[in-house]
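Here's the structure, in structure tokens; my notes come after.
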Amino acid sequence: MEQQDIVPCISDDDDDNYAEELQLQQTLMDSLITSNSHSQNAPCLASSSKPVDVGLVYNTEQKRSLLPKELIDKWNDSLCESLFITVPKFYCPFKDCSAMLLDENEGGGEEEYIRESECPFCHRLFCARCHVPWHPG
26 MEQQDIVPCI SDDDDDNYAE ELQLQQTLMD SLITSNSHSQ NAPCLASSSK PVDVGLVYNT
86 EQKRSLLPKE LIDKWNDSLC ESLFITVPKF YCPFKDCSAM LLDENEGGGE EEYIRESECP
146 FCHRLFCARC HVPWHPG
């Protein structure tokens, strides 16, 4: 059997449907069946109509090695973020960090607001009320 190149149908869209697209791509990648000697897949995983050989081995790490590291990182970040979809969040105000942070002030009264906070990733201070770099007041 001739081995075909894998061309994942992953879009570069950065919209509200990105997390759903990632879940679809995870499902598609999970359906990729490989063996030690060859891969059995269609040029586009989404349109694969080839029969699956039940003797082939399922190996997630092999599938991950087929994708660029940047895509895997973006995928993992989005999957992590999707775990907190209902939790209020914001991002570190420093552009060279932009780590996702949970908003622990949400729903609290004015007197309970945490104001001065430190990003656990870049360790710089920011105003947890305004979500901007630290300022007095």
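Take 26 as the starting number for the sequence shown in this note's numbering and just add one per residue. Note that beta-carbon positions come from the ideal geometry of N, C-alpha and C, so glycine has one too.
At the C-beta level, proline 118 and valine 157 come within 7 Å of one another.
In this structure phenylalanine 151 is buried. Its beta-carbon is surrounded by 16 or more other beta-carbon atoms within 10 angstroms. One Cα belongs to serine 142, the other to alanine 153, and the distance between them is close to 6 Å. Look at cysteine 152 here: in three-state DSSP terms it is strand.
Per DSSP, reduced to three states, the secondary structure at serine 103 is helical. Looking at the DSSP output, valine 157 shares a beta bridge with Cys152.
When C-alpha distances from aspartate 128 are compared across Pro113, Phe109 and Cys122, the shortest belongs to Pro113.
Residue pairing for leucine 108: DSSP places it in no beta bridge. Residue pairing of lysine 120 in beta bridges, as defined by DSSP: absent, with no partner found. Exclusion of the five residues before and after serine 123 leaves Tyr116 and Cys117 as the residues of its chain whose Cβ lies within less than 7 Å of its Cβ. Secondary structure of leucine 91 (DSSP, three-state): coil.
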